[in-house]
Structure formats: C-alpha cells, structure tokens
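Below: the structure, in structure tokens.
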Amino acid sequence: MIKTQNLSFIYREDNGVAAAGEEAVLKEINLKIEQGSFTAVLGANGSGKSTLAKHFNAILLPSGGKVYVKGMDTSVPENMFPIRQCAGMVFQNPDNQMVAALVEDEVAFAPENLGVEPKEIRRRVDECLAAVDMTKYAQSSPSALSGGQKQRVAIAAALAMDPEILILDEPTAMLDPKGRKEVMRTIKTLNRENGITAVLITHYMDEAAQADRIVVMDNGKIAMDGKPREIFADVEKIKALGLDVPQVTELAHELSRLGIKIRPDILNVDECFAELTRLFGGAAND
Amino acid sequence: MIKTEKLCYSYEQDTPFERRALYDVDLEIRDGSITALIGHTGSGKSTLIQHFNGLLKPTSGKIIIDGDDITAPNADLKRIRRKVGLVFQYPEHQLFEETVYRDIAFGPKNMGLNKDEIDERVRKSAYLTGLDEKYLERSPFDLSGGQKRRAAIAGTLAMDPKVLILDEPTAGLDPKGGKDILSLIERLHTENKDMIIIFVSHSMEDVARIADRVVVMNEGRVETEGTTAQIFSNPNRLRGIGLDVPQVTLLADKLRSAGIGLPDDIYTVESAAREIAVRLGGDTHA
Numbered sequence: 001m002i003k004t005q006n007l008s009f010i011y012r013e014d015n016g017v018a019a020a021g022e023e024a025v026l027k028e029i030n031l032k033i034e035q036g037s038f039t040a041v042l043g044a045n046g047s048g049k050s051t052l053a054k055h056f057n058a059i060l061l062p063s064g065g066k067v068y069v070k071g072m073d074t075s076v077p078e079n080m081f082p083i084r085q086c087a088g089m090v091f092q093n094p095d096n097q098m099v100a101a102l103v104e105d106e107v108a109f110a111p112e113n114l115g116v117e118p119k120e121i122r123r124r125v126d127e128c129l130a131a132v133d134m135t136k137y138a139q140s141s142p143s144a145l146s147g148g149q150k151q152r153v154a155i156a157a158a159l160a161m162d163p164e165i166l167i168l169d170e171p172t173a174m175l176d177p178k179g180r181k182e183v184m185r186t187i188k189t190l191n192r193e194n195g196i197t198a199v200l201i202t203h204y205m206d207e208a209a210q211a212d213r214i215v216v217m218d219n220g221k222i223a224m225d226g227k228p229r230e231i232f233a234d235v236e237k238i239k240a241l242g243l244d245v246p247q248v249t250e251l252a253h254e255l256s257r258l259g260i261k262i263r264p265d266i267l268n269v270d271e272c273f274a275e276l277t278r279l280f281g282g283a284a285n286d
Numbered sequence: 287m288i289k290t291e292k293l294c295y296s297y298e299q300d301t302p303f304e305r306r307a308l309y310d311v312d313l314e315i316r317d318g319s320i321t322a323l324i325g326h327t328g329s330g331k332s333t334l335i336q337h338f339n340g341l342l343k344p345t346s347g348k349i350i351i352d353g354d355d356i357t358a359p360n361a362d363l364k365r366i367r368r369k370v371g372l373v374f375q376y377p378e379h380q381l382f383e384e385t386v387y388r389d390i391a392f393g394p395k396n397m398g399l400n401k402d403e404i405d406e407r408v409r410k411s412a413y414l415t416g417l418d419e420k421y422l423e424r425s426p427f428d429l430s431g432g433q434k435r436r437a438a439i440a441g442t443l444a445m446d447p448k449v450l451i452l453d454e455p456t457a458g459l460d461p462k463g464g465k466d467i468l469s470l471i472e473r474l475h476t477e478n479k480d481m482i483i484i485f486v487s488h489s490m491e492d493v494a495r496i497a498d499r500v501v502v503m504n505e506g507r508v509e510t511e512g513t514t515a516q517i518f519s520n521p522n523r524l525r526g527i528g529l530d531v532p533q534v535t536l537l538a539d540k541l542r543s544a545g546i547g548l549p550d551d552i553y554t555v556e557s558a559a560r561e562i563a564v565r566l567g568g569d570t571h572a
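Those sequence lines, one after another, are chains B and Z.
Mapping the first sequence onto my numbering, position 18 (from 1) lands on 18, and the numbers just tick up by one.
Just so we're on the same page, my numbering is the position in the second sequence counted from 1, plus 286.
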C-alpha cells in the first residue's frame with residue numbers, strides 16, 4: 001500500500017545536499033505498509049515520525065529515495081491529487097482543522113471542492129458521520145463539540161474523500177480520557193470493518209499496543225519494527241529510546257524482576273488480570 | 287493558600303450567547319501542595335485556573351490568595367500576576383526572543399530589576415528547570431520539544447511566583463520528555479517548600495505520579511476532591527464522568543473484585559508490583 005525506498009529527507013537542502021549545519025531528519029528508510037494493516041509509529045520528539053507520515057500523502061517529498069502510495073510515485077506532480085485522495089490525514093489539534101459552521105458542512109467540504117455530485121456528497125456525508133458515530137451531531141456547530149467528537153468529525157471529513165489509507169498524527173494528544181477512547185475505538189472500527197489501512201502516530205503506549213504492528217523511529221531511522229507484543233517485551237530498549245511501555249507490561253516486567261514467574265509479553269489490563277488470577281489461583285492451591 | 291468562595295463564571299454574560307462555565311466553586315488549596323486538576327474537556331478546569339491570576343474576573347464569588355482578596359475592586363492585578371505564574375498549554379509556542387536567555391529574562395526585565403538581579407533569576411530558573419547553561423545563548427527554536435517547554439516554564443519561574451499553575455504540562459511530549467517535566471515539578475516542590483503547584487492534566491498516570499491532592503471538575507462544578515488515593519479508589523465514578531484511573535489501579539480493582547486482597551491505594555507500577563509480589567511470595571528486596 002505504501003512503500004518507501006531509501007527515503008531520506010532534509011528540511012533545508014539543495015539538490016539533496018544539506019544546508020550548512022542541517023542534518024537529515026530521515027535517513028534511508030525502507031518500509032512497507034500492507035493494505036488493511038494498522039500500524040503505530042512511535043518515537044521520541046524529533047525522531048522523524050511526523051516527517052515520515054507527511055511523506056505518505058505527498059505533503060513532503062523525499063530529498064533522496066522514493067515513496068510509492070498504491071504504486072504511485074509521490075515525486076511525480078501528476079500523482080499528487082490521486083495520492084491525497086487515497087491517503088487522508090488527521091492532525092493533532094482538531095480546532096485547527098475545522099473550517100465550516102456545521103458538522104455536516106465540514107464533512108462535505110472536500111468532496112464539494114472536488115466537484116462531486118450533490119447527491120453523492122449527501123450519501124458520503126451520511127455514511128462518514130455514521131462511520132464515526134456522529135450522525136446525531138450533523139446539524140451541530142463544531143465549536144459545541146467535545147475534543148473527542150471534534151476529532152471524530154475530522155476523521156469523517158478525511159473519510160469523505162473515500163480514502164483507502166488514514167494517517168493520524170497524534171490525534172488524541174489533546175483529548176481527555178473519554179475522547180481518547182472514542183477516537184481509538186473509531187480507528188479500530190474503520191480498520192477492521194471498513195478495511196481502512198491505518199497509520200497512527202502516537203506517544204501513548206496503550207494505544208500503540210492496540211495496533212497490529214509498531215514501527216519505532218529513532219534519530220531518523222527505524223530502530224524497531226514488529227508486533228506490539230515483541231516490541232514491548234524489550235522494556236529496556238524501549239526506555240533507552242525515550243519511550244515507555246504500557247503500565248501493565250511494566251508491572252509484569254517488575255514482578256518478574258522480583259522473582260515471580262509471569263508472562264513477559266502482557267499488553268493490556270485483561271491479559272494481566274488473567275495471568276495474575278492464574279498465579280494467585282496457583283498460590284492458593286499450594 | 288488559595289481559597290475560592292462560591293465562585294461563578296459565565297462567558298459572554300448578559301448576551302444571548304451567555305454560557306455558564308463555573309458554578310459555586312468552593313476550594314481550598316494549601317501551601318506546599320501539588321494539586322492536580324482533572325476533568326473532561328469543557329469541565330471548567332482552564333476557566334478556573336485563569337481566575338487564579340486575575341485573567342478572568344468571576345461573575346460572582348471570591349478568590350483569596352495568601353489572604354489577598356484578588357476579586358476586590360481595588361485589587362492590585364500586577365502584584366497578583368507576579369505572585370501567580372501561569373504556564374499555558376504548549377507554552378513553547380510563546381517563545382519569541384533571539385536567545386533562550388532573553389526569553390527567560392523578559393519577565394524580570396519588565397519588573398524593572400537590575401542587570402545582576404535579572405542574571406541571577408535567569409540562571410536560577412535555568413537550573414531549576416534542568417536547562418544546561420550552554421543553551422542560554424542559543425535560539426529557543428533550536429531546542430528540542432522538551433527543552434523548549436522547559437525554557438518556557440523557566441520564563442514563568444523567573445518571576446519568582448508563589449503559586450505555579452501549569453495547564454497540561456506534558457501534553458504532546460514523548461514519554462521521556464513528559465517524565466522529565468514531572469521530575470522538574472517534583473524538584474520545584476522539594477526546593478520551594480511553600481510553593482503551591484497546580485497542574486491540569488488528562489493523564490491519570492501523571493496525576494498518580496506526582497500529585498498529593500486531586501480536584502475533580504465536572505460540568506463546571508467541583509465533583510469531588512481529596513488525596514490521590516481517595517480519588518482513584520473509585521474507578522467507576524471517574525469513568526462515569528469521562529475520566530479514568532491508571533491501568534494498574536484498574537487492574538488492582540479487578541483483582542480485589544475477584545477476591546484477591548489488595549490495598550485500595552495502588553496507583554503506581556511500583557506500589558502494584560510490591561503489593562502483588564508480597565502476596566505471591568516474591569522477593570521484594572530484589
């Protein structure tokens with residue numbers, strides 16, 4: 001779905017040569033994102049996560065190497081519109097993304113600009129608002145919504161372009177716990193039920209734990225790439241990269257340090273609960 | 287001490303757009319405490335803290351800081367704003383000077399301090415926020431995300447406030463950057479025994495880590511307040527108002543419901559590991 005080939009990027013450059021004192025933000029990245037997958041991208045501030053994501057819909061173009069979206073080379077100018085239609089993007093601050101006075105106008109904005117037929121626009125708006133569970137707010141003003149609701153409208157607006165890929169750059173960073181859960185639930189539903197390929201950039205480890213795959217960036221390179229269970233099992237390495245693991249994963253790690261024989265690859269509260277009740281059950285039987 | 291009595295606030299009062307944001311807020315925040323202010327988006331947290339340094343004037347009710355009624359008609363707002371430092375969300379967006387030094391010096395300079403006094407304040411604030419002196423002569427825009435935020439906090443500390451208020455101090459930072467800011471707050475607390483520190487947060491893990499008191503806001507009212515242990519002992523109540531508890535607190539709650547005897551004040555990974563290991567016969571001295 002998305003493929004990068006020796007992708008390098010330098011913010012200030014001339015013909016691929018960095019300006020004085022300027023370092024490459026991305027260094028020869030080779031990455032393939034499969035259709036229908038849900039990938040989380042982690043990394044410390046400044047590791048290159050957002051810069052990488054902006055290459056996935058041709059907001060940024062490589063200084064070196066290539067990026068292909070559905071086989072389309074992002075550096076070919078004629079490909080820009082089909083790529084942006086195919087890969088929608090949602091950013092951190094919902095307030096910066098809202099332009100319309102009504103939720104449904106917000107969602108209709110992009111297809112209207114593309115000259116889509118009014119009937120088709122109506123169909124898409126209804127479908128996209130339903131997909132993010134915001135149908136009953138169609139006639140509301142975005143300013144009257146909570147952060148989580150606004151972010152779901154931003155997702156609906158991206159969906160209105162009928163994309164196959166959604167790239168979400170820290171969509172929950174400014175939300176309260178309920179808003180975060182709403183947005184995560186929405187992303188997972190779109191991925192599992194609508195087959196949308198999702199790329200989620202986040203600083204929240206419990207969110208990354210819900211993806212199929214985690215790519216960890218460090219200083220412009222891919223430092224780790226694997227299933228959440230594999231990635232988070234290496235607590236020391238993750239911490240050395242300025243990141244963290246979910247609390248229950250860390251708890252299992254701590255317990256095993258204290259001599260308890262517990263699975264090291266626990267990802268969420270339910271798994272930890274099951275494992276601990278098993279251990280306590282065993283202890284009671286001794 | 288900060289005390290509010292029947293504090294009420296409406297936005298756009300006496301217009302058709304009037305919206306009530308705070309209802310009868312009665313609070314007492316003691317000297318030397320780290321108080322977390324939590325609540326869903328729109329619950330009134332930010333509105334409340336803007337009252338503490340006179341940015342907003344209550345529609346009715348009183349605010350008394352250090353025995354000073356800041357809502358009195360003749361209140362000296364300049365003096366109040368020196369006493370109460372407010373660090374906004376994403377404060378690094380407000381950095382503007384050519385060097386970090388000049389940015390931190392901006393407040394003390396406006397206070398009319400002489401050069402030596404300013405220099406002392408700048409260096410002390412840099413020290414307190416863990417900013418190495420070598421950064422002082424650099425442009426604030428060349429710093430990393432976490433360092434920029436520390437520089438912005440240093441600018442507020444340079445005013446030598448008695449009360450420090452931080453609105454979502456770790457939002458948008460990577461886990462390590464977030465932890466560094468929390469350690470900074472703890473260090474300020476240790477080095478200034480009387481300082482009142484108030485922070486707004488959506489991260490229950492951050493609250494669990496450093497707060498000693500928690501005020502829970504809901505729909506413009508104080509829903510409940512108490513010690514961190516008291517507040518997190520009732521996960522369902524918090525979830526009912528769009529909040530949450532740390533993963534390990536939820537886990538401990540589930541284990542207790544399953545009949546495993548655990549104390550009800552578990553909210554950090556360290557305490558969870560200790561309490562569980564003891565009961566499973568682990569070596570807690572490891």
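Even for Gly, the Cβ is constructed at its ideal location relative to N, Cα and C.
Source: prediction; values computed, not measured.
Test item: CB-CB of residue i and residue j under 8 Å
i: residue 264 of chain B; j: residue 240 of chain B; result: no
i: residue 137 of chain B; j: residue 103 of chain B; result: yes
i: residue 28 of chain B; j: residue 6 of chain B; result: yes
i: residue 493 of chain Z; j: residue 369 of chain Z; result: no
i: residue 161 of chain B; j: residue 70 of chain B; result: no
i: residue 453 of chain Z; j: residue 374 of chain Z; result: yes
i: residue 414 of chain Z; j: residue 468 of chain Z; result: no
i: residue 441 of chain Z; j: residue 482 of chain Z; result: no
i: residue 147 of chain B; j: residue 115 of chain B; result: no
Where residue i sits in the DSSP three-state scheme
i: residue 314 of chain Z; result: strand
i: residue 564 of chain Z; result: helix
i: residue 286 of chain B; result: Any reading at residue 286 of chain B needs caution, since the residue's pLDDT is 46, under 50, leaving its predicted position unreliable; the model's value is listed next. Of the three classes helix, strand and coil, the one that applies to residue 286 of chain B here is coil, per DSSP.
i: residue 24 of chain B; result: coil
i: residue 272 of chain B; result: helix
i: residue 44 of chain B; result: coil
i: residue 225 of chain B; result: strand
i: residue 210 of chain B; result: coil
i: residue 531 of chain Z; result: coil
i: residue 546 of chain Z; result: coil
i: residue 217 of chain B; result: strand
i: residue 186 of chain B; result: helix
i: residue 10 of chain B; result: coil
i: residue 307 of chain Z; result: strand
i: residue 296 of chain Z; result: strand
i: residue 38 of chain B; result: strand
i: residue 322 of chain Z; result: strand
i: residue 329 of chain Z; result: coil
Given residue i as reference, the closest of the options once Cα atoms are compared
i: residue 196 of chain B; options: B:218, B:217 and B:165; result: B:165
i: residue 347 of chain Z; options: Z:445, Z:407 and Z:296; result: Z:296
i: residue 172 of chain B; options: B:155, B:159 and B:161; result: B:155
i: residue 308 of chain Z; options: Z:315, Z:292 and Z:421; result: Z:292
i: residue 456 of chain Z; options: Z:471, Z:449 and Z:446; result: Z:471
i: residue 259 of chain B; options: Z:405, Z:565 and Z:453; result: Z:565
i: residue 218 of chain B; options: B:46, B:40, B:35 and B:22; result: B:46
i: residue 478 of chain Z; options: Z:468, Z:504 and Z:446; result: Z:446
i: residue 289 of chain Z; options: Z:337, Z:436, Z:559 and Z:332; result: Z:337
i: residue 175 of chain B; options: Z:497, Z:310, Z:328 and Z:450; result: Z:328
i: residue 394 of chain Z; options: Z:379, Z:468, Z:371 and Z:506; result: Z:371
i: residue 224 of chain B; options: B:35, B:74, B:3 and B:44; result: B:44
i: residue 97 of chain B; options: B:179, B:168, B:80 and B:121; result: B:168
i: residue 430 of chain Z; options: Z:439, Z:459 and Z:402; result: Z:459
i: residue 37 of chain B; options: B:231, B:281, B:226 and B:253; result: B:226
i: residue 8 of chain B; options: B:55, B:205, B:150 and B:42; result: B:55
i: residue 128 of chain B; options: B:77, B:107, B:145 and B:119; result: B:107
i: residue 202 of chain B; options: B:76, B:261 and B:184; result: B:184
Integer-rounded CB distance, given that residue j should sit under 8 Å from residue i
i: residue 396 of chain Z; j: residue 366 of chain Z; result: 15 Å between Cβ atoms; not a contact.
i: residue 362 of chain Z; j: residue 287 of chain Z; result: Contact flag wrong, Cβ pair sits at about 19 Å.
i: residue 248 of chain B; j: residue 238 of chain B; result: Wrong, their Cβ atoms sit about 14 Å apart, outside the cutoff.
i: residue 215 of chain B; j: residue 60 of chain B; result: No, residue 215 of chain B and residue 60 of chain B are not in contact; Cβ-Cβ is about 17 Å, not under 8 Å.
i: residue 109 of chain B; j: residue 541 of chain Z; result: Residue 109 of chain B to residue 541 of chain Z, Cβ: 49 Å. No contact.
Q.
Please give the ranges of any alpha helix (DSSP H) in the segment 65-141 of chain B, keeping only runs that are unbroken, at least 4 residues long and fully inside the region.
A. 80-86, 103-113 and 118-131
Q) Enumerated in chain order, which unbroken segments of the beta strand (DSSP E) with a length of 3 residues or greater are wholly contained in the segment 344-432 of chain Z? A) 346-351 and 370-373
Q | In chain order, each beta strand (DSSP E) run of at least 3 residues that lies wholly inside the segment 448-473 of chain Z | A | 449-453
Q | Complete runs of the alpha helix (DSSP H) confined to the segment 233-274 of chain B [at least 4 residues] | A | 235-240 and 247-257
**Q.** Contiguous beta strand (DSSP E) assignments of at least 3 residues, all confined to the segment 467-511 of chain Z
**A.** 482-486 and 499-504
(Q) My parser needs the beta strand (DSSP E) runs of 3 or more residues fully inside the segment 149-200 of chain B; what are they? (A) Complete beta strand (DSSP E) runs here, min 3: 165-169.
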